[in-house]
Every structure is written in structure tokens, then in C-alpha cells.
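>
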Amino acid sequence: MRIPMATFDHPFLPNAGAPIRKSMLEAIGVASIEELYSDIPAQVRTNRPLKVDWLPSEQEVKSHVDRVLGENTSASDMPIFLGAGIYNHYLPAAVKSILSRTEFQTSYTPYQAEISQGLLQSLFEFQSMIADLTQMDAVNSSLYDGSTALGEAARMACRATGRKKILVPLGMHPAKFSVLRNYTEPVGIRLETFLFDKETGGMNSADLQSKVDRDTAAVYCEVPSFFGVLDPEVANVPSISHQKGALSIVGFDPVSLGGLKPPGEYGADIVIAEGQSISTEMNFGGPALGMIGCRGENLIRQLPGRLIGMTTTLDGKERAFSMVLQTREQHIRRERATSNICTNEALFAIGAAAYLSLLGPQGLRELFESILVKTNYAIKMLGEIPGVVAPRFASQHYQEFAVSFEGAKGTLARLNKSLLSHGVHGGKSLVQDFPELGESALFCVTEVHSTESIDKIRLLIEKLREA
Amino acid sequence: MFHQAKWNEPLIIERSGNGKRGHTPARPSDIERKVVGRDPWNGVPKALVRSGLPPLPEVSEPEVVRHYTRLSQENFAVDLGIYPLGSCTMKYNPKVSEVIAQNPKLEKIHPEQDESTVQGILALMHRLDQFLAEITGMSRMSLQPVAGAAGEYLGALIMRAYHRSKGELDERREMIIPDSAHGTNPASAAMAGFNVVVVPSNDDGMVDLEALRKVVGPRTAGLMITNPNTLGIFEKNVLEIAKIVHDAGGLLYYDGANFNAILGKVRPGDMGFDIVHLNLHKTFATPHGGGGPGAGPVGVRKDLEKFLPLPLVGFDGKKYFFDYDAPDSVGKVTAFHGNIGVLVRAYAYILSLGPDGLKAVAETAVLNTNYVLSKVLERSKFELDGRQSVRYGEENARFWAPFAHRLFSTNCRRGDDGRSARDRESPRPRRTCRGVPQSGKGGRD
Chain C
2 MRIPMATFDH
12 PFLPNAGAPI
22 RKSMLEAIGV
32 ASIEELYSDI
42 PAQVRTNRPL
52 KVDWLPSEQE
62 VKSHVDRVLG
72 ENTSASDMPI
82 FLGAGIYNHY
92 LPAAVKSILS
102 RTEFQTSYTP
112 YQAEISQGLL
122 QSLFEFQSMI
132 ADLTQMDAVN
142 SSLYDGSTAL
152 GEAARMACRA
162 TGRKKILVPL
172 GMHPAKFSVL
182 RNYTEPVGIR
192 LETFLFDKET
202 GGMNSADLQS
212 KVDRDTAAVY
222 CEVPSFFGVL
232 DPEVANVPSI
242 SHQKGALSIV
252 GFDPVSLGGL
262 KPPGEYGADI
272 VIAEGQSIST
282 EMNFGGPALG
292 MIGCRGENLI
302 RQLPGRLIGM
312 TTTLDGKERA
322 FSMVLQTREQ
332 HIRRERATSN
342 ICTNEALFAI
352 GAAAYLSLLG
362 PQGLRELFES
372 ILVKTNYAIK
382 MLGEIPGVVA
392 PRFASQHYQE
402 FAVSFEGAKG
412 TLARLNKSLL
422 SHGVHGGKSL
432 VQDFPELGES
442 ALFCVTEVHS
452 TESIDKIRLL
462 IEKLREA
Chain G
2 MFHQAKWNEP
12 LIIERSGNGK
22 RGHTPARPSD
32 IERKVVGRDP
42 WNGVPKALVR
52 SGLPPLPEVS
62 EPEVVRHYTR
72 LSQENFAVDL
82 GIYPLGSCTM
92 KYNPKVSEVI
102 AQNPKLEKIH
112 PEQDESTVQG
122 ILALMHRLDQ
132 FLAEITGMSR
142 MSLQPVAGAA
152 GEYLGALIMR
162 AYHRSKGELD
172 ERREMIIPDS
182 AHGTNPASAA
192 MAGFNVVVVP
202 SNDDGMVDLE
212 ALRKVVGPRT
222 AGLMITNPNT
232 LGIFEKNVLE
242 IAKIVHDAGG
252 LLYYDGANFN
262 AILGKVRPGD
272 MGFDIVHLNL
282 HKTFATPHGG
292 GGPGAGPVGV
302 RKDLEKFLPL
312 PLVGFDGKKY
322 FFDYDAPDSV
332 GKVTAFHGNI
342 GVLVRAYAYI
352 LSLGPDGLKA
362 VAETAVLNTN
372 YVLSKVLERS
382 KFELDGRQSV
392 RYGEENARFW
402 APFAHRLFST
412 NCRRGDDGRS
422 ARDRESPRPR
432 RTCRGVPQSG
442 KGGRD
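So the protein sequences, as listed, match chains C and G.
Quick note on our numbering: the first sequence kicks off at 2 and runs consecutively.
Quick note on our numbering: the second sequence kicks off at 2 and runs consecutively.
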């Protein structure tokens, strides 16, 4: 059905109706809208309707998308033991309520401080809470996700040191490594990996020490590691790095800081994190929340992205907030900016501030402890199954752990498929990315995994392996 | 007249105290505790244990909700009125998109799930890829970039991959960018290792063709351009620009910041562009969240598809799948599959408007822009330099921006009090926050 444009009246478009258009055209002094488009070369004009679908009523749009999304099986339908960067945590209703405030949701970047004080204050509070949690001097108001935060951190370290090599763990998420490579390779930064210990899953310190040199701009490590290992050696990495004049970048998990030492306390220079777990649902991996913080004025000047500061009004009577140190940024410094980032994940920075305020000191510590207990429980349950090694690494784990399955190639793939047919999603296969670990998978357990769901996967694996 | 709330709200940490809490997280079950047995803290390496509690606010749930609700009220937003600040299309964010995005079948799916369990979202992504490719006139889209600047960066990475594949990357180090470009363009090019060459605008606010001819050559990697440009003017010599750049062996990049004005009227692919990004949080009406999230899908012409990030969504006639079979791909630009929540909202927006509606969006935007322009010229002491080019803006919201840019730049005429518009644009917070610039005086108060 084709509707002539002159009568196209759409609920989203206040000025599309024919009478309004006519009076506006008269005011402008042109005969038609086409006249306003006369600068576009005629030979390339689109003279046919675009081939996109149209559903004329809101109800149809809603039903259609509901139907399409209905094909998914979600964590509400089955237990899912996946983590590896995106985590299913319980998001308090108050966080959702605050994020649904459309004064936040539909607002623009706070360039104009006069009409953005509430947003600016919220972002300032986010920065302050993360700085306090990590013991950093400055935290910005968000980057895209944890992987681009690492990319930015690596570039920062290279600018600050004038060096061109970044050391990263071999045992990191391959997708994160790929993003890091795209952030570093074009400007000649080299990435080198250091090994992990085959028994403990922790870092191979001897290998790391042998690779840190005078060309090294920074060493990156994560706690918990990609394998969920709480590796005490991480606390020594800053001093190992500093001995050679290199910086230390530590990747942290925000919830884990309820129980774990702030990276700043053991000397980290830059910290990064994926903050999805404390601000928004999984949403198939995005939007997420990149976090970055650092210590020392030299590094602060190298920070990418927006920083919000607290100040007083000109008459000195009131507190006020605005973007600060903007000369680092692309809208002022252009090609000499510290980064190209403009749009970020501000809404979820507000979500994280609300989340951390709600949980508070006690809540965050209890949540850490809860996940710790559940991780230990799940490890114990899976470890009792014959032919299953859980955990694969002899270490303390938090939230995630690798599990090895005895058997020929394809064992894990078959198991995961069978689990799915029984309404459980198993762990992330490590077979392709870490073949040296054999038929292994990375399991994730958070506070949302009930005892029953952990028992269920244990029983299913036991049964399926016997079959 | 807009009078904003003013709450004298303290920092949340200043409300803190007395061991209050705003949320009780789920505790482990008795069985779990019993099975685990020993104090779970025993296993945590001493070197990593936090001493004491994390330093966070101690506040109750009502205090947290009131605090952030009050702060939300100290904020202007599209739901309160038009947002005529330049540099970003800010338009109405349809509520149906929000309702649709709150589906647990979207919120509670994990990016590493087995493909058989995420056929719905894969189908939606596949369809959105096709819609956006059709709308831009490109061959294929990557939905992975999460913002406009992330799209630009991917575009620059694709240019690198393209020139490397021809063995010319070492020579082609220069990215040409008009002086009117948004700051992210030069920043993205420089991040990708290119040297930025600025090409000046002529008196009409368009790329100076003679200047462009002088700077292109064997060192040219590409040209990044916004059209309608950042001044709100359509680069009517775009076909000549494309020819000049292509003849020199460079690629033409389309920055979609102002695409809203030409939706359904002309497609970047038909104008000769090789790589395109769209800002879904602009043209496709997804909420901008105070600066983010966004989404910046990138489309390319056929022979550049092989460089797009991993993975694209494929369809074998029965099932949707992630296609990792792309040896020439640049890899990944974000850890997972992009800002999916934003993509779903944009998909709903396209369906809500359809082909005629999308065109009507552009027409309404341009009509509004020129209407306001005519009113301002009528009523104020401002005038436009040079030829009065037609300006393209967006419906509802952005329509002020194109010429606001001009007023704040080359075409500024002094107001009654002798101050320029730029002088009036005080960045300093003021006590009373009133209104947004709708007065037609060119200042920001």
C-alpha cells in the first residue's frame, strides 16, 4: 500500500501533515520540499521507495519484534553457565527504576553544564566510587567496554613512557586480545604474551620477568584471571614492571572488589574493567560499560574520554559540576587528542553509581562472599563426577573456573549439545582457543545460579557421561 | 519557559552513615555453605584480600532512589523538549522501542550462547544489516561498532586493510579531512596511524575542490566527509569529490552524523562512498543516555566486505549463524557483537516508519531547519554570509544546529550589546538554569 507523501501523517512526526507543511513552505518562500533538496545531484537521487519493511501500527511493531526475540532461549528459560566478560547478576529494581528516568535516558552529552547538573553530578559520583574502590586518583565517566578500555590503557601507557611494547597474559579472552590488537597495531605498538602456569592457571612469573624490558611500556594482568583464578602473583606485577620503568595495568571485576584488595594498593598505575555486571543486563553482550582509572597527574593528562569535575559557581556560593580537562579530547584537540572517543556509556555509569550506592560496603562484600561460596560449591559438585577435573587449575577461583573432561576430541561439544537438549547451557568451550587444555570449558557461577541449577548440571553431566 | 528543578542535592556519599544499606544480595544456601565447609575466605590469597569494607555510601533504598530521581530532574532531555545543540541529532525516542527492549528474551541472553538458542536475535541482526545496507546503498554492514567514532575507527582500519592488500599501505599515510569536520574524524584517523591533511572550505562552506585536487595523490589513503556537512550544507560537488579521491587511489568515507536529513532521498553508496557509518542514536532515534550508549554500524561496498569485523551474521536458508570464515577480516573492534540493545530499538524504529516514513523524517527535518532559519533571518540581526545555501537538519530536534554552528563560527554578526554569540556562550554553571536556546537571538541563554 502506497500512501502519497503529502498526506503522510506519522505519530512521530509533528510537522509532516499537508496543512502544516504548506504553511511552513510559504514562510520559507519555496514551492515544495523538493526545492530544498535541489543541491543534490539529480543522477544519484533515490527515485524509488527503500526496500525496508513497514508495520503501520505500534501494536504490530511490538508483536513482530516480540515474536522474533521469542525464538531466543534466555537465562530466564534455562540455567546458563557462561561468563567470560559478560555476567548475569541480579540487577536491583531500584537501578532499573533510576535508569528508566527519561531525563537521564533521553538527555544529551553534558556539554552545556547549565542544563545538565544532575547528569554531571551522577557521573561525578560514579567516577568517585570507582576511584575509591580501586584506589586510583582519577576515573573517567566511561568507555565503550572492557576490551576497548584495555586498548585505550595500552595506548596511554605507550604515550606516557614513550615505549612501544605491551605484555599481556596468554590466558586472556581472545576477543579482547583482538580488540587490543586493533587499538595498538596501527601505531606500531607490539603485543607480547607471557605464559600461564599449566598447573595453577596463574601467571608464569619467570616467563613474565624474562620478558619485561626497557622497551616495555606496560604489563597487563587480570584479577580474577580469564580462568577465574585469584592469582597472588598479580600483586607483584606492579613492582616487577616498575623495576624496568614500565607501568602496570590491572583488569578488575567490580563486584570482586567487595572482597579483593584495590589494585591501587599494590601499585597498579592504570586499572580497567568491564562494568556491565553492575549496571545493566547481558543484552547479548552490549551495551556494556568500559571503566578506566589511573594514578598520577602525568597519566591523568593521558586519560581518554570525558572527565567530570566538581567546582563552585562564580559567586562561590554553590557547588557545581562540569566536564574538565577537555583539552585532552577530540572536540578540542582533534588529531592530537588522547582518543577519538565521544559517545560513551554514560547511562550505565549512572546505573553503576546507583548499584554501588544500593549495595554499599556490606552488600558488595556479601555479594563477593556469596559468589565465592557458590563458586566453591559448583567446583566441588562438578569435581566429584568421574572423568571430570574441576577445577582444571589448582587455585582459588572466583566466579569462573575451567573444567576438563576426559575423552576424545569432540567430547565437550557433544556434552554441551546434550546439556542443551536437557535445558541447561554449559560452560564456554576452550577447545578452539586453548587446545593445550584439551576438552575444557570455562564455567561461570554468580548469585543468580541456584543450588538446584548447579545440582542439575552436575547430575546431567554425570548421567550423560555414563550413557 | 523551562525552569529546571534545583534540589541542592548533596553527594550521595555525604548522605552516608550508620551502616545503612539499600539492597540485600542473595545469600548462598545452607546446603552450599555446608558442602563448602571451611570459611570460604581461607582460600583467597592473603595478598589479594581487602582489609576492611569497600568504601561505598551507606544509604537506604529510598535515599538512593530519591537522590538519583532528584538529580534526574536537574537535567534537560528530549522528553522535556527539543535539544537544539549542534553536533548530534537529538530527536524523539519512541516509547515502543523502550518497551520492546525490556524483553527478557533480549536482556537475559549471553553473547557466547550456542547459536541454536539465539536464532531470534541473529535473525533480527541479519535483517537489520539488510535494512541498513539498503538505506545507505552499501553492500554489507557490520553492527559491531558501538558509537560513531568507533565506526570511524573501524573505517580507518578497513582503509588500512585495503591499502595493505594492494601493497600500498606504506605510501598511503594521509587521511584528508575538511576543516569543518567533527573532531572525531581527525582523532579517529590519527588513532589509526594516519597523518591528517586538512582541506579548507570555500566561502559557501563546502569542500574547496581546487584545494582538494592539490592535496590528493599517491600518499592519499582516503577522505572522510560528512554530508550534509557539519555546517548543515549539502556538499553538492560530492560526485566530483568522489572522482578526485578515487582517481588518486583513495577511499571515500561517509560520516553519517547528518544522514537524518537525506534518509530515503539519496544514498551514500550512490554518491560514490566506499565506507559509511550510521549513528543509530541519531538517525534511528535510540536514546542517547546522557552521552551513551550509541551504535555506529559500518557499511562497505562489495569488495571491502571481506575486511569487516568478525563475525557477521550469515543465513544458510534454514539457520542463522555467526560467520567466522573471513581470513581477511580486521578482527574485532569490541569484545562481543555490538550494542545489541540499541540495535533492537533502531530495528523497531525502521519498522515503525517504513520507506515512506523514513523519507518523511528527512523531509520534515529539512523543512523544520529552513523554517527556523527563515524565522531567525526575519527577526534577528543575524544574516548569512555568501550564497544562502540550503541547510539540512533533522526533524523535531536538530534543526537549529546547522546554522547555530554557522552563527558560532564564520557568519556571526554582533548582537545589540556588541557581544558575539561565542562570547555569550558561557560554559560556566549558573545558579538558575533556565531553558535551552530557542529565543532566536543566537546566544545560549
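No residue lacks a Cβ here, since even glycine has one placed at the ideal position from N, Cα and C.
Compare the C-beta of C/Tyr109 with all C-beta atoms of chain G and state if any pair is closer than 8 angstroms.
Taking the first sequence and counting its residues from 1, the one referred to as residue 109 of chain C is at position 108. Yes - at least one Cβ of chain G is within 8 angstroms of the one on C/Tyr109.
> Under 8 angstroms between beta-carbons, which chain C residues line up against G/Ala135? List them in chain order, please.
Translated into positions along the second sequence, residue 135 of chain G becomes position 134. Residue identity check: residue 135 of chain G is Glu in the sequence provided, not Ala. What G/Glu135 touches in chain C: Leu51, Lys52, Val53.
> So, does the CB of G/Ala1 fall closer than 8 angstroms to a CB anywhere in chain C?
Because chain G here runs from 2 to 446, residue 1 of chain G falls outside it and cannot be looked at.
> Looking at the unbroken alpha helix (DSSP H) that takes in C/Asp270, where does it start and where does it end?
If you number the first sequence from 1, residue 270 of chain C lands on position 269. DSSP places C/Asp270 in no alpha helix (DSSP H); its state is neither H nor E.
> Nearest-angstrom Cα distance between G/Pro112 and C/Ile81?
Counting from 1 along the second sequence, the entry for residue 112 of chain G is found at position 111. Counting from 1 along the first sequence, the entry for residue 81 of chain C is found at position 80. About 11 angstroms.
> With a threshold of 8 angstroms between beta carbons, is C/Gly361 in contact with chain G?
Here the question's residue 361 of chain C lines up with position 360 in the first sequence. Judged by the 8 angstroms Cβ criterion, C/Gly361 is in contact with chain G.
> Would you be able to state if there are at least three C-beta pairs under 8 angstroms between the region 247–255 of chain G and the region 158–172 of chain G?
yes
> Excluding the five sequence neighbours on either side, which residues of its own chain have a C-beta within less than 8 angstroms of the C-beta of C/Lys457, listed in chain order?
Mapped onto the first sequence, residue 457 of chain C falls at position 456. Answer for C/Lys457: Pro80, Val425, listed in chain order.
> Could you spell out the range, first to last residue, of the alpha helix (DSSP H) harbouring C/Phe322?
Along the first sequence, read from residue 1 onward, the residue named residue 322 of chain C stands at position 321. From DSSP, C/Phe322 is part of no alpha helix (DSSP H) but of the beta strand (DSSP E) over 320–325.
> Could you tell me which of C/Asp214, C/Ser142, C/Tyr38 sits nearest to C/Leu168, measuring between CA atoms?
The count along the first sequence starts at 1 and reaches residue 168 of chain C at position 167. The option with the nearest alpha carbon to C/Leu168 is C/Asp214.
> Helix, strand or coil, according to DSSP, for C/Arg102 in the structure here?
Here residue 102 of chain C is taken as the residue at index 101 of the first sequence, counted from 1. If DSSP states are grouped into helix, strand and coil, C/Arg102 belongs with coil.
> DSSP state of C/Met173, grouped into three classes?
For the purposes of this step, residue 173 of chain C is taken as the residue at position 172 of the first sequence. Of the three classes helix, strand and coil, the one that applies to C/Met173 here is coil, per DSSP.
> Anything in chain G within Cβ reach of C/Asn377, meaning under 7 angstroms, just list it in chain order.
Here the question's residue 377 of chain C lines up with position 376 in the first sequence. Near C/Asn377 (Cβ distances below 7 angstroms), the residues of chain G are Val37, Pro41.
> Return the residue from the list G/Val301, G/Tyr372, G/Met225, G/Gly194 that minimises the CA-CA distance to G/Glu172.
As a working mapping, residue 172 of chain G is identified with position 171 in the second sequence. Ranking G/Val301, G/Tyr372, G/Met225, G/Gly194 by Cα distance to G/Glu172 puts G/Gly194 first.
> Given a cut-off of 8 angstroms, decide if G/Gly295 and G/Leu279 are closer than it, judged by their beta-carbon atoms.
Start at 1 with the first residue of the second sequence, and residue 279 of chain G comes out as number 278. Start at 1 with the first residue of the second sequence, and residue 295 of chain G comes out as number 294. Not closer than 8 angstroms, so no.
> Take the Cβ of C/Leu315 as the centre, count every other Cβ of all protein chains shown within 10 Å, and call the residue buried at 16 or more, exposed below.
Position 314 of the first sequence, counting from 1, holds the residue named residue 315 of chain C. C/Leu315 should be labelled exposed.
> Below 8 angstroms between beta carbons: does that hold for C/Leu92 and G/Leu57?
Taking the first residue of the first sequence as position 1, residue 92 of chain C is located at position 91. Taking the first residue of the second sequence as position 1, residue 57 of chain G is located at position 56. No, they are not a contact pair.
> Note down, in chain order, every chain C residue with its Cβ under 8 angstroms from the Cβ of G/Ile351.
Along the second sequence, read from residue 1 onward, the residue named residue 351 of chain G stands at position 350. Those within 8 angstroms of G/Ile351 in chain C are Val53, Asp54.
> Apart from the five residues on each side of it in sequence, which residues of its chain come closer than 8 angstroms, Cβ to Cβ, to C/Ser371?
By 1-based counting over the first sequence, the position of residue 371 of chain C is 370. Contacts found: Glu448.
> Please return the same chain residues whose Cβ sits closer than 7 angstroms to the Cβ of C/Leu461, not counting the five positions on each side in sequence.
Stepping through the first sequence from its first residue, residue 461 of chain C is reached at position 460. Hits under 7 angstroms: Leu420, His423, Val425.
> Would you mind telling me which residues of chain C sit closer than 9 angstroms to G/His338, beta carbon to beta carbon, in chain order?
As a position in the second sequence, residue 338 of chain G is number 337, starting the count at 1. Chain C residues near G/His338: Phe285, Gly286, Gly287.
> Ends of the alpha helix (DSSP H) at G/Val239?
By 1-based counting over the second sequence, the position of residue 239 of chain G is 238. 239–248 is the extent of the alpha helix (DSSP H) around G/Val239.
> With C/Leu416 as the anchor, note down where its alpha helix (DSSP H) starts and where it stops.
The residue given as residue 416 of chain C occupies position 415 in the first sequence. 412–422 is the span of the alpha helix (DSSP H), which, as asked, contains C/Leu416.
> Which residue marks the beginning of the alpha helix (DSSP H) containing G/Thr448, and which one marks its end?
Residue coverage of chain G in this structure runs from 2 to 446, which leaves residue 448 of chain G outside it and unanswerable.
> When DSSP labels each residue in this structure, what does G/Thr70 get in the three-state scheme?
Here residue 70 of chain G refers to the residue found at position 69 of the second sequence. Helix, per DSSP.
> Of all the CB atoms in chain C, is at least one closer than 8 angstroms to the CB of G/Lys303?
On the second sequence, position 302 is the one that residue 303 of chain G refers to. Judged by the 8 angstroms Cβ criterion, G/Lys303 is not in contact with chain C.
> Just verifying my parser: in three-state terms, what is the DSSP assignment at C/Gly1?
Missing from the structure shown is residue 1 of chain C; chain C here goes from 2 to 468 and no further.
> Do G/Gly292 and C/Pro305 come within 8 angstroms of each other at the CB atom, strictly closer than that value?
Taking the first residue of the first sequence as 1, we reach residue 305 of chain C at position 304. Taking the first residue of the second sequence as 1, we reach residue 292 of chain G at position 291. No; because the gap between Cβ atoms is not below 8 angstroms, this pair is not in contact.
> Any idea if C/Ser142 is buried or exposed, counting beta-carbon neighbours within 10 angstroms, 16 or more meaning buried?
On the first sequence, position 141 is the one that residue 142 of chain C refers to. The residue is buried, with at least 16 neighbouring Cβ atoms inside 10 Å.
> Report the residue from C/Pro175, C/Leu181, C/Glu234 whose alpha carbon sits nearest the alpha carbon of C/Gly203.
For the purposes of this step, residue 203 of chain C is taken as the residue at position 202 of the first sequence. Cα-wise, what sits closest to C/Gly203 is C/Glu234.
> Comparing the C-beta of C/Leu192 with each C-beta of chain G, is any distance below 8 angstroms?
Along the first sequence, one-based indexing puts residue 192 of chain C at 191. No, no contact with chain G.
> Under a Cβ-count criterion, where at least 16 other Cβ atoms within 10 Å of its own Cβ denotes burial, should C/Ile333 be classed as buried or exposed?
The count along the first sequence starts at 1 and reaches residue 333 of chain C at position 332. The residue in question, C/Ile333, is exposed, as its Cβ has fewer than 16 Cβ neighbours within 10 Å.
> Given that G/Gly121 touches chain C, what residues does it touch there, using C-beta distances under 8 angstroms?
One-based indexing of the second sequence puts residue 121 of chain G at position 120. What G/Gly121 touches in chain C: Val69, Leu70, Gly71, Glu72, Asn73.
> For the beta strand (DSSP E) that C/Cys445 lies in, which residues bound it at each end?
Counting from one through the first sequence, the residue named residue 445 of chain C turns up at place 444. Counting along the chain, the beta strand (DSSP E) containing C/Cys445 begins and ends at 441–445.
> My guess is that C/Pro264 and C/Gln400 are in contact by the Cβ rule of under 8 angstroms, so how many angstroms apart are they, rounded?
Taking the first residue of the first sequence as position 1, residue 264 of chain C is located at position 263. Taking the first residue of the first sequence as position 1, residue 400 of chain C is located at position 399. Actually they are not in contact, since the Cβ atoms of C/Pro264 and C/Gln400 sit about 17 angstroms apart, beyond 8 angstroms.
> Is the beta carbon of G/Lys266 closer than 8 angstroms to that of C/Tyr490?
Given that chain C is displayed from residue 2 to residue 468, the structure contains no residue 490 of chain C and the question cannot be resolved.
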